[in-house]
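Asker: Please read through the structure below; I'll follow up with questions.
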Amino acid sequence: MDKNLLANRVAAASDKVLAEVVKLTQKQGKRGSQGSWKQFLNVYEKKFGSGFSDPARRSRDSLVAFLQTFTDEDGLKFVDNVLRSLSNCEMLKETMKESLENESPEQRLVRSTLEHPLYLSKYALPSYEKGWAVTKVRKKPKLLRCNKMLAVDCEMVLCKDGTDALVRVCVVDADLKVKLDELVNPCKPVEDYRTEITGVTAEVLDGASCSFADIQISMKKLLSRGTILVGHSLYNDLEALKLDHARVIDTSFIFKSSDGLSPSLNNLCKSVLGYELRKAGDPHNCLDDACAAMKLVLAKIERGVDNYIPLIQSDVKDVSYNVPEIEMAKLLLHKIPVTVPPEKLRGLFPANYTIEIKTHKVIKGVGYSVLAIFKNPEEACQAFENLIGSLEKDTSGRPQKLVALKLDTGGSAGIRVRKMTHDSHVSQKKRSFEGEDSSDPKKPKIDQCEDHVKEIERLKQELKKQELNQGDDHLKEIERLKQEIKTKDFEITAQDKIITELKRKLEEMKKKKNKER
622 MDKNLLANRV AAASDKVLAE VVKLTQKQGK RGSQGSWKQF LNVYEKKFGS GFSDPARRSR
682 DSLVAFLQTF TDEDGLKFVD NVLRSLSNCE MLKETMKESL ENESPEQRLV RSTLEHPLYL
742 SKYALPSYEK GWAVTKVRKK PKLLRCNKML AVDCEMVLCK DGTDALVRVC VVDADLKVKL
802 DELVNPCKPV EDYRTEITGV TAEVLDGASC SFADIQISMK KLLSRGTILV GHSLYNDLEA
862 LKLDHARVID TSFIFKSSDG LSPSLNNLCK SVLGYELRKA GDPHNCLDDA CAAMKLVLAK
922 IERGVDNYIP LIQSDVKDVS YNVPEIEMAK LLLHKIPVTV PPEKLRGLFP ANYTIEIKTH
982 KVIKGVGYSV LAIFKNPEEA CQAFENLIGS LEKDTSGRPQ KLVALKLDTG GSAGIRVRKM
1042 THDSHVSQKK RSFEGEDSSD PKKPKIDQCE DHVKEIERLK QELKKQELNQ GDDHLKEIER
1102 LKQEIKTKDF EITAQDKIIT ELKRKLEEMK KKKNKER
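What follows is the structure in structure tokens.
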């Protein structure tokens, strides 16, 4: 890493970007040659020390001086990647503000992606981690003139160490010409090829000589001149490629479904392009998916980027078109803290279930996920229904529960257990929801409160049944249910306060409007 080049980037960065870089060093526990940010302040600014450690309240000189203490290769790379990523985003935002009058359709879709409510959470990529690359953003005049687009799709397999590995990448241009189609050697033992989903087998990968590093180099070349990258749920592909690219169009963001959920690629193809991407049970095809994403963007531009395109209401068969029956015999346990041992997870399910716990994904230092594999889909469904916890939906509308797992330490850990597909009655719920007035800010809270009341009544009934038994195991279960009832009561009390506050604010707003009249 060239220290002079990094020094120039630091000098060119805004105060806001520098403060964000320093904040991230704090979150990641990064240290320069003079220690952490607070340790550095105690030496660099002896008058104030670390009393006011918020980087946003410190001088630019202090921020620059601290970042210059990162002199080893890993530290330099960390600072450089974060600087480039944040500066790229800032550059894009400034460009969007300045180019509203002369905005191209392609740039308008980039802006639509960046302004989506889920953008910040989905595209908060860990580009500061080792192995990541950040692409360059051209200067404003050149950036505005570049409307070139490429679409990408990736396939991943699960390795024995619990991590995902990239095994295939496809890239097409706006003319649907293939710019890249490579099989990638995972370079480590594979636990699950996920053939029913990816279409990849050991035989397919046999002889693959392209490395992950080769793919990153190829992608950086393709995107080196400010090219717009297109994809469906593109953040997954960027994470697979370990690539941070600012100019993106996400087809799951630019089309709006009536139920508020992210539309599937298959549903978009049927609604917008008039064809089915793949038949039920067929595996994914990288090239088909990349082409489909590009076709969707071209169709959006042709029909007018600000014009609404109605989507076909997804029925259960469409939503789960790519979920084979073998997958429906599984439950995904995710957001599991690293402190929870995998064998402890069996305690979530009754002993009469024969299940296999299989590692699904590991996120270093954050947590991991596993698959609980049952004998058949019916058993998996019953196990899910028996779980006691708060019923939710993920961003794709699949049901999941937030459950508490008791630990040997006496504490508990919150874990989400999700089905692999949608419930058969999801569509009916969606349609009934669409007919409701969503303008009332109190309604979601009130509905949730009513759900908690019903849940408490159910728990009380279960408690009465349990009290008929005298065994020690049943007594323990009763105590657990009592504790859960207390928790639910507390949640209702808190929500009542929120509802009361919302009502008060609503009354104030009405009074204010009446006065203005």
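Residue numbers 622 to 1138, in my numbering, belong to the letters of the sequence shown in order. By construction, the Cβ of each residue, glycine as well, lies at the ideal position given by its N, Cα and C atoms.
Got a sec? Which residues, its chain only, sit under 8 Å from Ser-832 by beta carbon, not counting five neighbours each side?
Answerer: Excluding sequence neighbours, Ser-832 sits near Val-805, Asn-806 and Cys-808.
Asker: Identify which residue in Ser-845, Ala-911, Trp-658 and Leu-765 has its Cα closest to the Cα of Asp-774.
Answerer: The candidate whose alpha carbon is nearest that of Asp-774 is Ala-911.
Asker: Across which residues does DSSP place Arg-1037 in a beta bridge pair?
Answerer: DSSP lists His-955 and Leu-1023 as partners of Arg-1037.
Asker: Given Arg-924, which residues of its chain have a CB within under 7 Å of its CB, disregarding the five upstream and five downstream residues?
Answerer: These residues qualify, in order along the chain: Ile-930.
Asker: Tell me which residues share the same chain as Ala-913 and place their Cβ nearer than 7 Å to its Cβ, disregarding the 5 neighbours each side in the sequence.
Answerer: Leu-886, Cys-890 and Leu-898.
Asker: Counting pairs of beta carbons, one from the segment 703-712 and one from the segment 633-650, are three or more of them closer than 8 Å?
Answerer: Flag = yes, the segment 703-712 and the segment 633-650 touch.
Asker: Take Val-638 and list the residues in its own chain whose beta-carbon comes closer than 8 Å to its own, dropping the five residues that flank it on each side.
Answerer: Only Leu-704, Leu-707, Ser-708 and Glu-711 meet the Cβ criterion.
Asker: Pull up the CB-CB distance for Ile-849 and Met-949, whole angstroms please, since I reckon it's below 8 Å.
Answerer: Contact doesn't hold; Cβ gap of about 37 Å is too wide.
Asker: Just list the beta strand (DSSP E) runs in the segment 664-714, keeping only unbroken ones of 3 residues or longer that don't cross its boundaries, in chain order.
Answerer: Listed in chain order, there is nothing to give.
Asker: Counting along the chain, where does the beta strand (DSSP E) carrying Ser-830 start and finish?
Answerer: From DSSP, Ser-830 is part of no beta strand (DSSP E); its letter is neither H nor E.
Asker: Can you say whether Tyr-896 is buried or exposed, counting buried as having 16 or more other CB atoms within 10 angstroms of its CB?
Answerer: Looking at its Cβ environment, which holds fewer than 16 other Cβ atoms inside 10 Å, Tyr-896 is exposed.
Asker: Give the DSSP-derived three-state secondary structure of Asp-813 in the structure shown.
Answerer: Residue state, collapsed to three classes: strand.
Asker: Report yes if the C-beta distance between Val-926 and Arg-729 is below 7 Å; otherwise report no.
Answerer: Contact flag set, yes.
Asker: Bridge partners of Thr-975, per DSSP?
Answerer: Thr-975 pairs with nothing; no bridge assigned.
Asker: May I ask you to list the residues that DSSP assigns as paired with Asp-802?
Answerer: DSSP lists Cys-791 as partners of Asp-802.
Asker: If contacts are defined as beta-carbon pairs under 8 Å, then Glu-812 and Lys-842 qualify, I think. What distance do you get, rounded to the angstrom?
Answerer: At roughly 32 Å, the Cβ-Cβ gap does not stay under 8 Å, so Glu-812 and Lys-842 are not in contact.
Asker: Which residues bound the beta strand (DSSP E) around Ala-993?
Answerer: First-last of the beta strand (DSSP E) with Ala-993: 988-994.
Asker: If you reduce the DSSP assignment to three classes, tell me which class Val-638 lands in.
Answerer: If DSSP states are grouped into helix, strand and coil, Val-638 belongs with the helices.
Asker: Can you tell me whether DSSP reads Val-731 as helix, strand or coil?
Answerer: Looking at Val-731 - three-state DSSP - the assignment turns out to be helix.
Asker: Output needed for Ile-627: all residues of its chain with C-beta closer than 8 Å, excluding positions within five of it in sequence on either side, in chain order.
Answerer: Inspection of the sequence shows that residue 627 is occupied by Leu rather than by Ile. Around Leu-627: Leu-697, Val-700, Asp-701 and Leu-704.
Asker: Ordered along the chain, which non-local residues of its own chain (more than five positions away) have a Cβ less than 8 Å from that of Leu-787?
Answerer: For Leu-787, where only same-chain residues beyond five positions count, the Cβ hits under 8 Å are Cys-775, Glu-776, Met-777, Val-805, Pro-807, Phe-833, Ile-836, Ala-861 and Leu-862.
Asker: State the Cα-Cα distance for the pair Lys-1126 and Thr-1016, rounded to the nearest angstrom.
Answerer: Taking the straight line joining both Cα atoms gives about 30 Å.
Asker: Provide the residue span of the beta strand (DSSP E) that contains Val-825, from first to last.
Answerer: First-last for Val-825: 823-826, but that is the alpha helix (DSSP H), not the beta strand (DSSP E).
Asker: So if DSSP puts Met-777 in a beta bridge, which residue, or which two residues, is it bridged to?
Answerer: The partner list for Met-777 (beta bridge, DSSP) reads Leu-787.
Asker: Confirm the yes/no value for this check: CB of Arg-679, any heavy atom of the ligand ATP, distance under 6 Å.
Answerer: The ligand content of the structure shown is nil, which means the ligand ATP is not present either.
Asker: Check whether the Cβ atoms of Pro-963 and Gly-988 lie closer than 7 Å to each other.
Answerer: No; because the gap between Cβ atoms is not below 7 Å, this pair is not in contact.
Asker: Taking 7 Å as the threshold (C-beta atoms), are Val-1038 and Leu-932 in contact?
Answerer: No, Cβ-Cβ distance for Leu-932 and Val-1038 is not below 7 Å.
Asker: From the DSSP secondary-structure annotation, give me the bridge partner or partners of Leu-1146.
Answerer: It is not possible to answer for residue 1146, since the shown part of the chain is limited to 622 through 1138.
Asker: Does DSSP classify Val-1047 as helix, strand or coil?
Answerer: Low confidence applies to Val-1047: its pLDDT is 36, below 50, so where it sits in the model is not reliable, and the reading given next is rough at best. The answer is helix: DSSP assigns Val-1047 an H, G or I state.
Asker: To the nearest angstrom, how far is it from the Cα of Glu-727 to the Cα of Asn-973?
Answerer: Roughly 56 Å between the two C-alpha positions.
Asker: Which of the three DSSP states, helix, strand or coil, is assigned to Gly-1018?
Answerer: It is coil, neither helix nor strand.
Asker: So what's Ile-933 in DSSP terms, helix, strand or just coil?
Answerer: Correct three-state label for Ile-933: coil.
Asker: If you follow the alpha helix (DSSP H) that Leu-626 is in, where does it begin and where does it stop?
Answerer: Residues 624-633.
Asker: Following the continuous beta strand (DSSP E) through Val-851, name the residue where it begins and the one where it ends.
Answerer: From DSSP, the beta strand (DSSP E) with Val-851 extends over 849-852.
Asker: What does a CB cutoff of less than 6 Å around Thr-692 pick up in its chain, not counting 5 residues either side in sequence?
Answerer: Excluding positions up to five away in sequence, the list reads Ser-654.
Asker: Cβ of Ser-720 within 7 Å of Cβ of Leu-684?
Answerer: No, these two residues do not count as a Cβ contact at 7 Å.
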